[in-house]
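So the structure is just underneath, and the comments pick up after that.
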Amino acid sequence: LQIPYSLDELVATFQFLGRRRKAGESLLRVFCFGSRDDPDLVGEAERQEEEAFAGSPGVIAKDIWAGGVRPSFGLALSCAAGIWLMLTPLTLGASGAMADANHLIGALIVTISVAAFAEVARLARFFNLPLGAALIIVPFVVETDMINMAAAAFTGLAVIAFSLPRGDIRNRYGDWESRIL
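Residue numbering for the sequence shown follows the working numbering, beginning at 189 and increasing consecutively.
Rendered as structure tokens:
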């Protein structure tokens, strides 16, 4: 769960390093020893920080916990599909290589979807597309029954469909916004 919360901090760090490089400073020196940002940006950041902490404790807590991490409907459904895949030995009686494939692919779908909960990492949801395709192909490669074959194909198509919509982006990320697809 820590991954989505740290991704926006990485974006902010790289944006800061980029601004310092444009100002002519050594990236290694800035990275190792720090630096100050442009005075205009510092003043704006301080003003935004004061406004943010002027709210009620509930608003502040909500911003801390949900800041740039908001699951879209499609990503939440992808997580549910991944969890269901990991439970197919119990729900559908999957066994052997099919159960192993479902468990592995399901865990990867959940991991990728949770990482894509971070608004700055919505692009990661596209890594679910080949996993959905793998779910369609795997039943033809390993021995399984018709129920598990149909369930894997349906789940694969669903994961592909769930991974296409981007979802809402509510925060601002400066230059990084053009990279949020």
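Don't be surprised by glycine CBs; every beta carbon is placed ideally from N, CA and C.
Q: Mind reading off the beta-carbon distance from S301 to G344? Whole number of angstroms is fine, and I expect it under 8 Å.
A: Residue mapping note: residue 301 aligns to position 113 of the sequence shown, counting from 1. Residue mapping note: residue 344 aligns to position 156 of the sequence shown, counting from 1. About 15 Å separates the beta carbon of S301 from that of G344, a gap too long to meet the 8 Å contact definition.
**Q.** Same chain, Cβ closer than 6 Å to G262, neighbours up to 5 away in sequence not counted
**A.** Within the sequence shown, residue 262 is the residue found at index 74, counting from 1. Excluding its 5 nearest sequence neighbours in each direction, G262 has C-beta neighbours in its own chain below 6 Å: F350, P353, listed in chain order.
Q: Determine the extent of the alpha helix (DSSP H) in which N336 is found, giving its start and end residues.
A: Reading the sequence shown from its first residue, position 148 is the one you call residue 336. Counting along the chain, the alpha helix (DSSP H) containing N336 begins and ends at 334 to 351.
Q: State the CB to CB distance for the pair L317 and I348, rounded to an integer number of angstroms; the pair is presumed to be in contact (CB under 8 Å).
A: Taking the first residue of the sequence shown as 1, we reach residue 317 at position 129. Taking the first residue of the sequence shown as 1, we reach residue 348 at position 160. Contact between L317 and I348 is confirmed by a C-beta separation of about 6 Å, below the 8 Å threshold.
Q. Given that a residue counts as buried once 16 or more other Cβ atoms are within 10 Å of its Cβ, and exposed if not, what is L216?
A. As a first step, residue 216 is located in the sequence shown; it is residue number 28 there, counting from the start. Its Cβ having fewer than 16 others within 10 Å, L216 is exposed.
Q | Cβ neighbour criterion (16 or more within 10 Å) applied to L323 | A | As a working mapping, residue 323 is identified with position 135 in the sequence shown. The residue is buried, with at least 16 neighbouring Cβ atoms inside 10 Å.
(Q) Let me confirm a value: P177 is counted as buried when at least 16 other C-beta atoms fall within 10 Å, else exposed. Which label applies? (A) With the chain covering 189 to 369 only, the question about residue 177 has no answer from this structure.
Q: Specify the secondary structure class of V257 as computed by DSSP and reduced to three states.
A: Residue mapping note: residue 257 aligns to position 69 of the sequence shown, counting from 1. Strand.
**Q.** Local conformation of A304 per DSSP, three classes
**A.** Numbered from its first residue, the sequence shown carries residue 304 at position 116. Reduced to three states, the DSSP call for A304 is coil.
Q: Assign Y361 to one of three DSSP states: helix, strand, or coil.
A: The sequence position of residue 361 within the sequence shown is 173, counting from 1. In the three-state reduction of the DSSP assignment, Y361 falls in the coil class, being assigned neither a helical nor a strand state.
Q: With A217 as the anchor, note down where its alpha helix (DSSP H) starts and where it stops.
A: For the purposes of this step, residue 217 is taken as residue 29 along the sequence shown, with counting starting at 1. The sequence shown places Arg at residue 217, rather than the Ala named in the question. 215 to 221 is the extent of the alpha helix (DSSP H) around R217.
Q. Would you report the Cα separation of S266 and E213, rounded to the nearest angstrom?
A. Taking the first residue of the sequence shown as position 1, residue 266 is located at position 78. Taking the first residue of the sequence shown as position 1, residue 213 is located at position 25. Here the alpha carbons of E213 and S266 stand approximately 43 Å from one another.
Q: Within 10 angstroms of the Cβ of L278, are there 16 or more other Cβ atoms? Answer buried if so, exposed if not.
A: Mapped onto the sequence shown, residue 278 falls at position 90. Using a 10 angstroms sphere on the CB of L278, the tally of other CB atoms stays under 16, which defines it as exposed.
Q: Note down the Cα distance separating F315 from R208, rounded to an integer number of angstroms.
A: On the sequence shown, position 127 is the one that residue 315 refers to. On the sequence shown, position 20 is the one that residue 208 refers to. Their Cα atoms are separated by approximately 32 Å.
Q | Inter-residue spacing [alpha-carbon to alpha-carbon] between F204 and D225 | A | Start at 1 with the first residue of the sequence shown, and residue 204 comes out as number 16. Start at 1 with the first residue of the sequence shown, and residue 225 comes out as number 37. Distance from the CA atom of F204 to the CA atom of D225, rounded to whole angstroms, is 7 Å.
Q: For the alpha helix (DSSP H) holding A322, just list the boundary residues, first then last.
A: The residue you call residue 322 lines up with position 134 of the sequence shown. Note, A322: alpha helix (DSSP H), 316 to 329.
**Q.** Cα-Cα separation between V330 and E307, rounded to whole angstroms
**A.** Counted from its first residue, the sequence shown places residue 330 at position 142. Counted from its first residue, the sequence shown places residue 307 at position 119. The C-alpha of V330 lies about 37 Å from the C-alpha of E307.
Q. How would you call D196, buried or exposed, if buried means at least 16 neighbouring beta carbons within 10 angstroms?
A. Taking the sequence shown and counting its residues from 1, one reaches residue 196 at position 8. It counts as buried.
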